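Notes to accompany the following structure.
Structure representation (structure tokens):
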């Protein structure tokens, strides 16, 4: 029996080490299989740790879970481990999320890992011992404590392994009855007795949600607009203590563009049309939007050109308010006080006003007809429109040539008309974004150069403009919802700009900004937290141990527990109008020393 366990420990070590070494050469694309029932993932870097609430280490970690291809198989059955096997090759194509192992199987794997990391177990014959990343196992809660995670982390002194930290995370069914909550003094006493210490430190953490689902008319429209504040402080006075104003706070914001209530929703729709045009350039097939007005684009352009011809000697359109094409937000969806956050420009040039007319183009032929009217007016000298300096669009070049009475011949076929419309649209929205960020003193023109550069192709220009729009949505949301002023918007803008200069568009990315709790206190002072947690710790360095008690509206794991517990039957708890339902979670740590 002992020999079999030694072989299993050596086999697990070998597989974990192979995965670790392969990760050093390239990022693993698939989970690996151990024996026939265990799936192994190595995560770290940009991947969000599923146990971040109970373990704050910075290294990579192994996550072990049940291999979905063999849910009915014998968990003790072994397969050959001479070669790494990708679990995804054996799993069903459709995944229903991670699946937990039984608590007994998880404890067995923790035991094998601990044996393999013990330098005194020389009879395992595993050669040079490598310190492996911490290991965490998803558990199904089938034990009386409802264990949902088991973990193990080597303790190191230099390159030598001196022991191991063992973790156990348990969770009770959700409740709104606060009499079921723990007592802080009892938690501290239990920690002291378990770890034989007389001194403990406490640290609090609370998370409040600062945004809710969007409602438009009678329809609830859910957009990914998650705005939370995380607050930490110490020491703790009592369970569910409201954090003092001297606490450290971090604003977390992740939002999805496209909320019809947004004061920049009109600009979002313009961007969507630009994306359709860019896609049309790439594929040769353009999806034209539904007309925005009852009048056709050709009629609007013809009226616009006729009006220009009536100007004194074709004099360019001035920036007077009564002569400008104003782009209106949806007054039914956006309150006037909100609209003032993002003001429309009053210096639209000829090409930009054309874009506003031609956004109602509903077919390729209509697009050609519009540009035919424009080019004929330019060729005949009927208009001499004013345009902004610096534009590199084909239409701008034609306008500049018309000043000298000689224009090159443009063939309005193929992708040319689509490209011309895309160019003037890009020019217009870029100036809209610059007008906001520079006008609000959130960024300089030089700092925005990456986003508005014309030195890259049109496809890349559109992608960079998408990033600008996402940044704009974030700033406007913080202004409208949280009433942020320049002193907070400025550093948040710099954080967003830095991220988007280095990364592709990601509307699920969580932007974080250190703030003072007083800045958002009025939004949470009468609210119940999403998460409230206390960490009780003792010891220092390698001797430091921690006990965590937490209540949260979400379960501490995304995997489901066994059917007989009914704990994680839904990913979130539906709350009543008065009291939130909370999962109660405990995380405990113990140490095993090898020397």
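Numbering (our numbering), first residue to last: 290 to 884.
Heads up, the beta-carbon is just placed ideally off N, CA and C, and yes, glycines get one too.
In this text the structure is predicted, and so the values were computed from the model without any measurement.
If you draw a straight line from the Cα of residue 532 to the Cα of residue 682, it is about 55 Å long.
Here the alpha carbons of residue 486 and residue 496 stand approximately 30 Å from one another. For residue 331 and residue 351, the gap between their C-alpha atoms comes out near 5 Å. The Cβ-Cβ distance between residue 784 and residue 773 does not fall below 7 Å.
Judged by beta-carbon spacing, residue 298 lies within the 7 Å limit of residue 404, meaning their Cβ atoms are closer than that value.
For residue 586, no beta strand (DSSP E) run applies; the uninterrupted alpha helix (DSSP H) run containing it begins and ends at 586 to 598, by DSSP. Counted as a single uninterrupted DSSP element, the stretch harbouring residue 343 is not any alpha helix (DSSP H), since DSSP gives it neither H nor E. Counted as a single uninterrupted DSSP element, the beta strand (DSSP E) harbouring residue 454 occupies residues 449 to 464. Note that the stretch 749 to 759 touches the stretch 729 to 740; at least 3 beta-carbon pairs, one per stretch, sit closer than 8 Å.
Restricting attention to 322, 313, 537 and 302, the CA atom closest to the CA of residue 809 is found in 537. One Cα belongs to residue 401, the other to residue 560, and the distance between them is close to 55 Å. The residues 408, in chain order, have a CB closer than 6 Å to that of residue 418 in the same chain once the five nearest residues on each side in sequence are set aside. In this structure, the alpha-carbon of residue 638 lies about 20 Å from that of residue 696. In the same chain as residue 717, and ignoring 5 residues on each side of it, the C-beta atoms closer than 6 Å to its own belong to 641 and 644, in chain order.
Pairing residue 570 with residue 699 gives a Cβ-Cβ distance that is not under 7 Å. By alpha-carbon distance to residue 406, the top candidate from 519, 421, 805 and 656 is 421. Distances from the CA of residue 415 to each of 302, 842 and 424 were compared; the closest alpha carbon is that of 302. A check of alpha carbon separations from residue 710 across 673, 736, 651 and 690 identifies 651 as the nearest.
With a cut-off of 8 Å on Cβ pairs, the stretch 761 to 772 is not in contact with the stretch 521 to 531, counting fewer than three such pairs. Ranked by Cα distance from residue 468, the first of 881, 877, 871 and 848 is 871.
Beta-bridge partners of residue 841 (DSSP): 820 and 872. With a beta-carbon spacing of about 6 Å, residue 751 and residue 564 fall inside the 8 Å limit used to define contacts. Here DSSP, grouped into helix, strand and coil, assigns residue 705 to helix. Under DSSP, residue 514 takes part in a beta bridge, and its partners are 544. Judged by pairs of C-beta atoms under 8 Å, the stretch 538 to 555 does not touch the stretch 570 to 579, as fewer than three such pairs exist. Per the DSSP secondary-structure output, residue 773 pairs with nothing in a beta bridge. When secondary structure is reduced to three states using DSSP, residue 653 falls in the helix class.
The DSSP-derived three-state label of residue 883 is coil. The alpha-carbon separation between residue 869 and residue 733 amounts to approximately 45 Å. Within the same chain, and ignoring the five residues on either side of residue 306 in sequence, the residues whose Cβ sits closer than 8 Å to its Cβ are 419 and 421.
Sorting 396, 567 and 660 by C-alpha distance to the C-alpha of residue 746 places 567 at the top. A distance below 7 Å separates the beta carbons of residue 646 and residue 593. For residue 645, the uninterrupted alpha helix (DSSP H) run begins and ends at 639 to 647, by DSSP. Rounded to the nearest angstrom, the Cβ distance from residue 634 to residue 724 is 5 Å, consistent with a contact under 8 Å. The continuous beta strand (DSSP E) containing residue 495 extends over residues 490 to 498. Secondary structure at residue 415: coil, using DSSP grouped into helix, strand and coil.
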